[in-house]
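Note that numbering that gives the first Met the number 0 has the sequence shown beginning at 0, numbered continuously upward.
Where a beta carbon is used, it is the ideal one built from N, C-alpha and C, also for glycine.
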Amino acid sequence: MAFKIVYIGAGSFRFSIVLFMDICRAVELSPLEVWLVDIDKDSLDIMTRAFKKMTKKAKRRNGIEIKVYSTTDRKEALENADFVYKSISVGIQAAEWFDIYVPYKLGIPQNTGDTVGPGGLFRGLRTNRVCAEIAKDMKKLCPKAPLLSYTNPQSSIVMAARTAAPDIQFIGLCHELFGGMGTLKKFFKKYANIKVKNWEEFDIEYSGVNHFTWLTKIGLNGKDLYPIIKKNAHKMVLKKFKHRGFNFYLCEKYGYFSIPGSRHVAEFLPDYYNYFNHEIQCPYWSFPTIRNVKQLDTMRYWAYKAYKLAAKGWIVPKPRNSGERAIDMTIDWHESLSGKNTIQHVVNIPNNGTVPELPEDCIVEVPATFKNGIITPAKTIHLPKTVADLVRPHAEQHRMTVNAALGNDLDLVVKAMLHDPMANWIEDDDRLEYLTKLMLFYEQKWLPEEWQEWIPS
0 MAFKIVYIGA GSFRFSIVLF MDICRAVELS PLEVWLVDID KDSLDIMTRA
50 FKKMTKKAKR RNGIEIKVYS TTDRKEALEN ADFVYKSISV GIQAAEWFDI
100 YVPYKLGIPQ NTGDTVGPGG LFRGLRTNRV CAEIAKDMKK LCPKAPLLSY
150 TNPQSSIVMA ARTAAPDIQF IGLCHELFGG MGTLKKFFKK YANIKVKNWE
200 EFDIEYSGVN HFTWLTKIGL NGKDLYPIIK KNAHKMVLKK FKHRGFNFYL
250 CEKYGYFSIP GSRHVAEFLP DYYNYFNHEI QCPYWSFPTI RNVKQLDTMR
300 YWAYKAYKLA AKGWIVPKPR NSGERAIDMT IDWHESLSGK NTIQHVVNIP
350 NNGTVPELPE DCIVEVPATF KNGIITPAKT IHLPKTVADL VRPHAEQHRM
400 TVNAALGNDL DLVVKAMLHD PMANWIEDDD RLEYLTKLML FYEQKWLPEE
450 WQEWIPS
């Protein structure tokens, strides 16, 4: 019987092709049945034709057998699925325009706006309920299948899905760890003559919430390497080393290195990134002053130009390792069912005491492995108090976002906005309530239908 993978949001211009390339190298899972799902019929048609061309090329190269199906009805696809991927974005760039520029008008800059701040909140309000419904569908149609989520805001989405269907393994993925550790690999080579082939050779410990994780331990062959980072942190700030000057600054100040890219981390810390200093600080820290949504539209336009060429068979990507870990996790999950040991993966899952310093019910980003098909944290990880105090307010705010998204109450939405650290930095509750109502008005077409009764006109 073929191994069945369902990919919801297969029209994604950011993740679709790279996941297709990875699937095409998964000979361990052959024969495969892959269902592509998207509500955008035109995008789905392009990506389906492109993927079919890729599977033919892959079969000639490695012999893999893949049958491809497509549908706009996720329930049709999910029935008896073995594994599910998801990379949806409700409202895509049209909604992101309001996420970024409406708050900026009222004094809140966002260089990314997909995880925290007003943009992160409203992206969650648009997406959390949809993901909760996907989890409910899986409970009925494929209750044993795990789901790997590539959608931001990762923490509140996973929490919403787990709230709606606690028994479904709804797992958030993020690649920021790979970039952060890649930076440290280059740092150690250049400034300490410590050379490793892959960053995975380091003995590391990390935890936090998505896009705000902290490296609490790093060593190699039994030697603690943190003193080397701390000794050189100020020099790295001045050099803006690999565009991570802000990360090294935080290490200098708090004693620990925050792993994600500086632009993500900065949004969690409005004391450093705010309306009054963003034009000065951002060039110094090497991240954008504010997100360029038009640039995202342009990227999407040219991406689909390339995908149309693939759909016609003119330029067809070959099977290769994209650097994303979804297919590797799928293989690991499958092998763990027979009792095989699997490697650690960075995941976003319910805390349940894994990081004692954070709320029990929050979603944490930690290393974990599959054991008999169940994603299991590798160990208990303690966050130092100085760092935990920075992370905790965000972990607590995620529950407010989920309550607002799954509820039907203006007050819940306003409450979530008022407690967001980036929004709250401006210290003007009336302005924040006005901002909330303004964003509800502009984004109402992407929000739950029953909210139309109380969204301001």
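Exercise for review: With a 10 Å radius around its C-beta and 16 neighbouring C-beta atoms as the bar for buried, classify TYR6 as buried or exposed.
Suggested key: buried
Practice item. State the Cα-Cα distance for the pair LEU237 and PRO152, rounded to the nearest angstrom. Key: 31 Å
Review point. Which same chain residues, not among the five before or five after MET235, have their C-beta less than 6 Å away from its C-beta?
Key: PHE247
Point to revise | Sequence ranges, beta strand (DSSP E) only - wholly within the stretch 334–410, length at least 3 | key: 344–349, 362–370 and 373–376
Review point. So is ASN458 buried or exposed if we call it buried at 16+ other beta carbons inside 10 Å?
Key: Since the first residue shown for the chain is 0 and the last is 456, residue 458 is missing from the structure and cannot be characterised.
**Study point:** Sufficient close CB pairs (3 or more, under 8 Å) joining the stretch 361–377 to the stretch 390–401
**Key:** yes
Exercise for review: Assign LYS370 to one of two classes, buried (16 or more other C-beta atoms within 10 Å of its C-beta) or exposed (fewer than that).
Suggested key: exposed
Practice item. Name the two residues that bound the continuous alpha helix (DSSP H) containing VAL157. Key: 153–163
Practice item. Could you check the C-alpha separation between GLY372 and SER148 for me, to the nearest Å? Key: 17 Å
Exercise for review: Starting from the Cα of ARG48, find the closest Cα among ASP428, LEU437 and ALA305 and give me that residue.
Suggested key: ALA305
Check your understanding: Who are GLU442's beta bridge partners in DSSP?
Key -> In DSSP, GLU442 forms no bridge with anything.
Check your understanding: Can you check whether the CB of PRO145 is closer than 8 Å to the CB of ILE107?
Key -> no
Review point. Where DSSP assigns a beta bridge to VAL208, which residues make up the other side?
Key: PHE211
Check your understanding: First and last residue of the alpha helix (DSSP H) that includes LEU77?
Key -> 73–77
**Study point:** Neighbour-count burial assignment, TRP34, 16 or more Cβ in a 10 Å radius
**Key:** buried
Check your understanding: Got a sec, what are the start and stop residues for the alpha helix (DSSP H) TYR248 sits in?
Key -> 244–253
**Study point:** Spatial distance of GLN109 from ASP408 (CA atoms)
**Key:** 26 Å
Point to revise | Beta-ladder partner(s) of TYR68, from DSSP | key: TRP34
Exercise for review: May I ask which residues mark the beginning and end of the beta strand (DSSP E) holding VAL83?
Suggested key: 82–85
Exercise for review: Would you kindly report the start and end of the unbroken beta strand (DSSP E) that includes ILE170?
Suggested key: 169–171
**Study point:** Proximity of LEU219 and GLU200 at Cβ, strictly below 8 Å
**Key:** yes
Practice item. Apply the 10 Å Cβ neighbour rule to PRO117 and answer buried if 16 or more other Cβ atoms are within range, or exposed otherwise. Key: buried
Practice item. Using only alpha-carbon positions, find the residue among THR54, TYR441 and ASN61 that is nearest to TRP96. Key: TYR441
**Study point:** Any beta strand (DSSP E) of 3 or more consecutive residues that is wholly inside the stretch 211–239
**Key:** 211–219
Check your understanding: Going by the beta-carbon positions, is the gap between ALA134 and ILE167 smaller than 8 Å?
Key -> yes
Check your understanding: Contact check, SER321 vs VAL89 under 8 Å by CB: the rounded distance?
Key -> No, SER321 and VAL89 are not in contact; Cβ-Cβ is about 24 Å, not under 8 Å.
Practice item. Identify, in the order they occur along the chain, each residue of the same chain with its Cβ nearer than 6 Å to the Cβ of SER29, setting aside the five sequence neighbours on each side. Key: ILE63 and GLU64
**Study point:** Residue from LEU224, TRP450, ALA377 and GLU78 with nearest C-alpha to LEU140
**Key:** GLU78
Review point. The alpha helix (DSSP H) spanning LEU43 covers which residue range?
Key: 40–61
Practice item. Within 10 angstroms of the Cβ of THR182, are there 16 or more other Cβ atoms? Answer buried if so, exposed if not. Key: buried
Point to revise | Beta-carbon contacts of ALA367 that lie in its chain and below 7 Å, excluding the five residues immediately before and after | key: GLN343, HIS344, VAL346, ILE348, ILE374, THR375, PRO376 and ALA377
Practice item. Could you have a look at ILE314 and say whether DSSP puts it in helix, strand or coil? Key: coil
Review point. Which value, in whole angstroms, describes the spacing of the CA atoms of VAL315 and THR329?
Key: 24 Å
Review point. By Cβ distance below 7 Å, which residues in the same chain neighbour ALA302 in space, the five residues on each side in sequence not counted?
Key: PHE12
**Study point:** Residues near LYS185 by beta carbon distance below 7 Å, same chain, minus five either side
**Key:** LYS241
Review point. Going straight from the alpha carbon of MET421 to that of VAL390, what length do you get?
Key: 13 Å
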